[in-house]
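First the structure, in the form of structure tokens, and then the observations on it.
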Amino acid sequence: DSGVTQTPKHLITATGQRVTLRCSPRSGDLSVYWYQQSLDQGLQFLIQYYNGEERAKGNILERFSAQQFPDLHSELNLSSLELGDSALYFCASSVESRRTDTQYFGPGTRLTVL
Amino acid sequence: LAKTTQPISMDSYEGQEVNITCSHNNIATNDYITWYQQFPSQGPRFIIQGYKTKVTNEVASLFIPADRKSSTLSLPRVSLSDTAVYYCLVGRPDESNYQLIWGAGTKLIIKP
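Those protein sequence lines, which keep their order, are chains R and D. If you're matching positions, the first sequence starts at 6 in my numbering and goes up one per residue. If you're matching positions, the second sequence starts at 345 in my numbering and goes up one per residue.
Here it is in structure tokens:
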């Protein structure tokens, strides 16, 4: 158990819909990262928050957005969903945001868009 | 950004020692090498990190030669539960974690 929690575990929805994925980082971690992993693909970095502020953006679509709340939990919002958005979405957290800081990953949310 | 090259897949048998090599020819002076393990449908998990020579923990050893252009993750006496994808990552403390490049990793299959 990494200490990072993600809900829901599974999500099935239809094209055009909007969903929200939730992540709670490990206690004391200030950075939260969101990743997308499609079937048999590597991890694609989406976005990072550090202590409530957006720190970096990766390959995140305009239909996707995220935020980190004062209690440091984070939500990833996916809208106008398409079939290609079906993937595993991981949240990770680290104490700071240095490249050498260990990232602790949550169990992921499996999103299926039908 | 230092690019890494790993074998796409490897097979081994229970009880064997497995060595997975990662090439990082363009590694910078301050870069560290980090390995993660990912089981199917789970998030990656940190295994080990090193800068030079040898690092050992309860799970694995990491060997880094003097020129640091490659590194080898060594898993002693593997079991079926070590079947996973292993990622080699390179980066330095003054860069942000989000800049880590996660390639396809090495898919390790352990057979009985």
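No residue lacks a Cβ here, since even glycine has one placed at the ideal position from N, Cα and C.
Worksheet item: By how many angstroms is the C-alpha of histidine 78(R) removed from the C-alpha of glutamate 101(R)?
Response: 15 Å
Worksheet entry | Same chain only: Cβ atoms within 6 Å of leucine 93(R), ignoring 5 sequence neighbours per side | Gln42, Gly113 and Arg115
Discussion item. Suppose the cutoff is 6 Å on Cβ atoms and the five residues either side in sequence are ignored; what does the same chain contact list for leucine 48(R) look like?
Written reply: Tyr40 and Gln42
Fill in: Helix, strand or coil at serine 415(D) [DSSP, three-state]
strand
Practice prompt. Please say whether threonine 416(D) and threonine 349(D) have beta carbons closer to each other than 7 Å?
Written response: no
Worksheet item: What residues of chain R sit near tyrosine 376(D), judged by a beta carbon separation below 9 Å?
Response: Arg104 and Thr105
Practice prompt. To the nearest angstrom, report how far apart threonine 10(R) and glycine 111(R) are at their CA atoms.
Written response: 5 Å
Worksheet entry | Contacting residues, own chain, Cβ-Cβ under 6 Å from valine 362(D) (five flanking each side not counted) | Ser356, Leu419 and Val422
Discussion item. Whole angstroms are fine: how far does the CA of serine 29(R) sit from the CA of cysteine 432(D)?
Written reply: 26 Å
Worksheet item: Do you know how far the Cα of lysine 62(R) is from the Cα of arginine 389(D)?
Response: 23 Å
Worksheet entry | proline 13(R): contacting residues in chain B (beta-carbon distance under 7 Å) | The question asks about chain B, but that chain is absent: this structure's protein chains are R and D.
Fill in: Boundaries of the beta strand (DSSP E) in which threonine 2(R) is found, first to last residue
Coverage of chain R is limited to positions 6 through 119, which leaves residue 2(R) absent and any answer about it impossible.
Practice prompt. Using a cut-off of 9 Å between C-beta atoms, extract the partners of glycine 111(R) located in chain D.
Written response: Gly387
Worksheet item: Nearest chain R C-beta to glycine 435(D) closer than 7 Å, yes or no?
Response: yes
Practice prompt. Under 7 Å between beta-carbons, which chain D residues line up against phenylalanine 95(R)? List them in chain order, please.
Written response: Gly387
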